[in-house]
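**Student:**
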Amino acid sequence: MNKKDYFEIDGKKFNSRLIMGTSLYPNQSVLIESLEKSETEIITVSVRRIDLKSQTNILQVLDKKYTILPNTAGCFSSKEAILTAELCRESLNTNWIKLEIIADYETLLPDSSETIKTSEYLVKKGFLVFAYCSDDPVTCKRLEDLGCEAVMPMISPIGSGLGVRNEHNLELIREFCNGKIIVDAGVGKPSDATKVMELGYDAVLLNSSVARSIDPINMAISMKHAVLAGRGGYLSGMIEKNKYAQHSSSMKGKISNF
Amino acid sequence: MINTIYLNGKKTQVDLEKSNLLIDIVEKYSRKIKNQNIAVAVNMKIVTKSEWKTFKIEKNDKIEIVSPFPGG
Chain L
56 MNKKDYFEID GKKFNSRLIM GTSLYPNQSV LIESLEKSET EIITVSVRRI
106 DLKSQTNILQ VLDKKYTILP NTAGCFSSKE AILTAELCRE SLNTNWIKLE
156 IIADYETLLP DSSETIKTSE YLVKKGFLVF AYCSDDPVTC KRLEDLGCEA
206 VMPMISPIGS GLGVRNEHNL ELIREFCNGK IIVDAGVGKP SDATKVMELG
256 YDAVLLNSSV ARSIDPINMA ISMKHAVLAG RGGYLSGMIE KNKYAQHSSS
306 MKGKISNF
Chain P
4 MINTIYLNGK KTQVDLEKSN LLIDIVEKYS RKIKNQNIAV AVNMKIVTKS
54 EWKTFKIEKN DKIEIVSPFP GG
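From first to last, the protein sequence lines are chains L and P. Heads up, the working numbering is the position in the first sequence plus 55, with the first residue counted as 1. Heads up, the working numbering is the position in the second sequence plus 3, with the first residue counted as 1.
#1: Quick one: which chain B residues come within Cβ less than 7 Å of T51 (chain P)?
#2: Could you check the C-alpha separation between E175 (chain L) and R197 (chain L) for me, to the nearest Å?
#3: Cα separation between Y187 (chain L) and T170 (chain L)?
#4: Alpha carbons only, please: which of L:Y160, L:S311, L:K134, L:P212 is nearest the one belonging to M47 (chain P)?
#5: If we count Cβ pairs, one from each stretch, closer than 8 Å, do we get three or more for the region 299 to 306 of chain L versus the region 6 to 23 of chain P?
#6: Would DSSP call M207 (chain L) helix, strand or coil?
#7: Considering Cα atoms alone, identify which of L:L261, L:Y160, L:G292, L:F185 is closest to Y80 (chain L).
#8: By Cβ distance, which residues of its chain are closer than 8 Å to M293 (chain L), with the 5 residues on each side in sequence left out?
#9: Given this structure, state the Cα-to-Cα distance separating E96 (chain L) from D159 (chain L), to the nearest angstrom.
#10: Which runs of the beta strand (DSSP E), 3 residues or longer, sit entirely within the region 152 to 240 of chain L?
#11: For G392 (chain L), name the three-state secondary structure that DSSP assigns.
#12: Give me the residue from L:C130, L:L73, L:K68 with the minimum Cα distance to L283 (chain L).
#13: Over what stretch of residues does the alpha helix (DSSP H) that includes Y9 (chain P) continue unbroken?
#14: Give the single residue among L:T99, L:Y61, L:N224 whose Cα lies nearest to the Cα of V193 (chain L).
#15: Using a threshold of 7 Å, state whether the C-beta atoms of T22 (chain L) and I98 (chain L) are closer than that.
#16: Counting only beta-carbon atoms, is S89 (chain L) nearer than 7 Å to chain P?
#17: Applying a beta-carbon distance threshold of less than 7 Å, which residues of chain P neighbour I113 (chain L)?
#18: If you drop the 5 nearest sequence neighbours on each side, which residues of the same chain put their C-beta closer than 7 Å to that of Y32 (chain P)?
#19: Whose Cβ in chain L lies nearer than 8 Å to the Cβ of N40 (chain P)?
#20: Could you pull the start and end residues of the alpha helix (DSSP H) that S303 (chain L) belongs to?
#21: Give me the subset of the region 213 to 237 of chain L whose CB atoms are less than 7 Å from a CB atom of chain P, sorted by chain position.
#22: Of all the options L:K250, L:I228, L:T139, L:V178, which has the alpha carbon lying nearest to the alpha carbon of D191 (chain L)?
What follows is the structure in structure tokens.
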């Protein structure tokens, strides 16, 4: 594979195309080692009310080498998401924002109309918007056209681990969108990450599939390899599918039938 | 005079006559925090760090003080 296959965002070059969440790990040391072993360079965080008693924050325990992608997780409306984005920018001194506006608590499915409206506003306000959205090609294209840095379709609901549910839509999204596409939610197995990377997606963001596994550190390593394998396949030009078999060993010189 | 404000959703009594500046509230309730990753909103509007020294708090204001947390 081309060694200079960087993942570029905002003028920065990243070697890894695996973006890791920081939540739900059994403890901090497992989190730290999982991130390290995954070789991720971009990690996601949220902002929440400070705990007036413990008053610690996640950045105090994480290596400074990571680029932070803050999110608006848990927001149900444009107003809430905009304020959260502003708080993220103030707190973390970054204009990067993973915009996440959910429609209901049961499914955590993205609210497309609120996401489109809010993305437009935030882009105008100078944010670099990474928009979490449904696997609807039209929505993804709209988000790209209004200036999002990346569209981030789910492949199945957040934390479900259901993996790719609509491969056809994912193919269309790649066809419709010229810019960056990052899968955001629904990865369960390493093969899910490989699959979307084989489709030509630019990166994979995951959290639960590693953090909630039996062995998060080992799963982080597996996800790293899965993303690399998928990317390698995509760049290498995979063969076309054929309805019938095509032998690989030459028939020429084969001993006679008997 | 003791006044009521809402700090991170919790009803809190403060003496606004003694000081009604946001920076005093932030420092009082987040003084143990050793980093600068705090952000503040008052009544659902962001108040940037540069404004803390002059921003005046009024009774019944809703103050949110946030910092980074694990997230996906």
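We treat Cβ as the ideally placed atom computed from N, Cα and C, and that holds for glycine. Computed from a predicted model, the values in this text were never measured in an experiment.
**Tutor:** So, from the data block:
#1: The structure shown contains no chain B; its protein chains are L and P.
#2: In this structure, the straight-line span from the alpha carbon of E175 (chain L) to that of R197 (chain L) is close to 10 Å.
#3: For Y187 (chain L) and T170 (chain L), the distance between alpha carbons rounds to 8 Å.
#4: Checking every option, the nearest Cα to that of M47 (chain P) belongs to L:K134.
#5: With a cut-off of 8 Å, the region 6 to 23 of chain P and the region 299 to 306 of chain L do not count as touching, because too few Cβ pairs lie within range.
#6: Here M207 (chain L) sits in strand by DSSP.
#7: Of the listed residues, the one whose Cα sits closest to Y80 (chain L) is L:L261.
#8: Excluding residues within five positions, the ones whose Cβ falls inside 8 Å are E253.
#9: C-alpha separation (whole angstroms): 31 Å.
#10: Complete beta strand (DSSP E) runs here, min 3: 183 to 188, 205 to 208, 235 to 238.
#11: The structure shown does not extend to residue 392 (chain L), since chain L spans only 56 to 313, so no value can be given for it.
#12: For L283 (chain L), the nearest C-alpha among the options comes from L:L73.
#13: Under the DSSP assignment, Y9 (chain P) falls outside any alpha helix (DSSP H), being part of the beta strand (DSSP E) whose first and last residues are 5 to 10.
#14: With distances taken between Cα atoms, V193 (chain L) lies closest to L:N224.
#15: For chain L, the structure presents residues 56 to 313; residue 22 (chain L) sits outside this window and is missing.
#16: Residue-level contact check: S89 (chain L) does not touch chain P, since none of the beta carbons of chain P fall below 7 Å from its beta carbon.
#17: What I113 (chain L) touches in chain P: P71, F72, P73.
#18: Only residues of its own chain outside the window of five on either side were considered, and among them L10, I68 have a CB closer than 7 Å to the CB of Y32 (chain P), listed in chain order.
#19: What N40 (chain P) touches in chain L: N112, L114, S146, L147.
#20: Unbroken run through S303 (chain L): none, as it is neither H nor E.
#21: Against chain P - using a Cβ distance shorter than 7 Å - the region 213 to 237 of chain L contributes no residues.
#22: The shortest Cα separation from D191 (chain L) among L:K250, L:I228, L:T139, L:V178 belongs to L:I228.
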